[in-house]
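Asker:
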Amino acid sequence: EDKVVQSPLSLVVHEGDTVTLNCSYEVTNFRSLLWYKQEKKAPTFLFMLTSSGIEKKSGRLSSILDKKELFSILNITATQTGDSAVYLCAVEARTGGFKTIFGAGTRLFVKA
Amino acid sequence: EADIYQTPRYLVIGTGKKITLECSQTMGHDKMYWYQQDPGMELHLIHYSYGVNSTEKGDLSSESTVSRIRTEHFPLTLESARPSHTSQYLCASGRGGAGSYEQYFGPGTRLTVT
Chain Z
6 EDKVVQSPLS LVVHEGDTVT LNCSYEVTNF RSLLWYKQEK KAPTFLFMLT SSGIEKKSGR
66 LSSILDKKEL FSILNITATQ TGDSAVYLCA VEARTGGFKT IFGAGTRLFV KA
Chain E
2 EADIYQTPRY LVIGTGKKIT LECSQTMGHD KMYWYQQDPG MELHLIHYSY GVNSTEKGDL
62 SSESTVSRIR TEHFPLTLES ARPSHTSQYL CASGRGGAGS YEQYFGPGTR LTVT
């Protein structure tokens, strides 16, 4: 059965800290791994990773994929209170059609 | 900014009623999705579509149905609402084609069945 597991489930840090969020997966016919940020309502897209070892970067956020070990990490440096959100990892796999499997998310709370 | 809309945003309805949750996107995306998400839990795919007249069931067993008569419109219907249907329903869309693309999410419909 395809699955995506995120850790930790929740995390509390202080402003300025650096955090690393983890995502491991087991799917057949992997196509891509995506990170989303969900604040109050709808998830918003952060990164899509398809190749191992190539870091994607956007401001203080960065992410990398290891297709051999089947995991990805999302790093946030110099955290701010506005980074408080649930971070979702999703894997797109080709099983019959194309399916997207979401992890349960990591709830990050950044204290001022 | 993504142009994907869901109505209603909130709905409280009695058991046994038929309801339709609306989802529309103006980006011309071929792919559309419905997810169910309980508070603090992961998103579960309940239906998806790759284009007009194409609909598939997702991984989560659902008593809902969908239709895709127009590219921009992907409504979700519950024939007989039950308290177990209480949840948040998120609609999303994405570009078509063989490549892998991100999904754009609507604001969600929070459904409560009493």
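Each protein sequence line maps, in turn, to chains Z and E.
End of the first sequence = 117 in this note's numbering, gap-free, step of one.
End of the second sequence = 115 in this note's numbering, gap-free, step of one.
A virtual CB, placed ideally from N, CA and C, is assigned to each residue, including glycine.
This one's a predicted model, so the numbers in the text were calculated from it and none came from an experiment.
1. Determine the chain E residues that contact Z/A47 at a beta-carbon separation under 7 Å, and present them in chain order.
2. Below 8 Å between beta carbons is the criterion; list the residues of the region 37-52 of chain E that meet it against any residue of chain Z, in chain order.
3. Which complete beta strand (DSSP E) runs does the region 48-115 of chain E hold, if anything under 3 residues is left out?
4. Taking DSSP's pairing of strands, which residues face E/V13 in a bridge?
5. Going by CA-CA distance only, name the one from E/L91, E/R96 and E/E103 that's closest to E/T8.
6. Could you tell me whether the region 9-24 of chain E touches the region 37-44 of chain Z, using the rule of 3 or more Cβ pairs below 8 Å?
7. CA-CA distance, E/V13 and E/V114?
8. Considering only C-alpha positions, which residue in the set Z/E97, Z/I106, Z/R112 and Z/I69 is nearest to Z/A90?
9. Relative to the alpha-carbon of E/S94, which residue among Z/C94, Z/E60, Z/A47 and Z/S68 has its alpha-carbon at the smallest distance?
10. When the Cα of E/T87 is compared with those of E/L22, E/S65, E/E23 and E/D39, which residue comes out closest?
11. Could you have a look at E/D39 and say whether DSSP puts it in helix, strand or coil?
12. Residues in its own chain within less than 7 Å of Z/S29 by CB, not counting five upstream and five downstream?
13. Using CA atoms only, rank isn't needed, just tell me which of Z/K8, Z/C94, Z/T86 and Z/K104 is closest to Z/G21.
14. Scan the region 15-40 of chain Z for residues whose Cβ lies nearer than 9 Å to a Cβ of chain E and list them as they occur along the chain.
15. Cutting at 7 Å between CB atoms, please list the residues of its own chain near E/L112, excluding the five before and the five after it.
16. Pick helix, strand or coil for E/D4, following the three-state DSSP scheme.
17. From Z/S15 to Z/V24, what distance separates their C-alpha atoms?
Answerer: Let me spell this out:
1. Annotation: Cβ neighbours of Z/A47 in chain E (cutoff 7 Å, chain order): L91, F106, G107, P108 and G109.
2. Listed by position along the chain: G41, M42, E43, L44, H45, L46, Y49 and Y51.
3. Within the region 48-115 of chain E, the complete beta strand (DSSP E) segments of 3 residues or longer fall at 55-58, 65-67, 77-79, 88-95 and 110-114, listed in chain order.
4. Answer is E/T113.
5. That would be E/L91, whose Cα lies nearest to the Cα of E/T8.
6. no
7. 6 Å
8. Nearest C-alpha to Z/A90: Z/R112.
9. Z/A47
10. E/D39
11. coil
12. V10, L75 and F76
13. Z/T86
14. For the region 15-40 of chain Z, the beta-carbon criterion of a distance under 9 Å to any beta-carbon of chain E is satisfied by R36, S37 and L39.
15. The residues are L12, H86, T87, S88 and Y90.
16. coil
17. CA-to-CA, the gap between Z/S15 and Z/V24 works out to about 11 Å.
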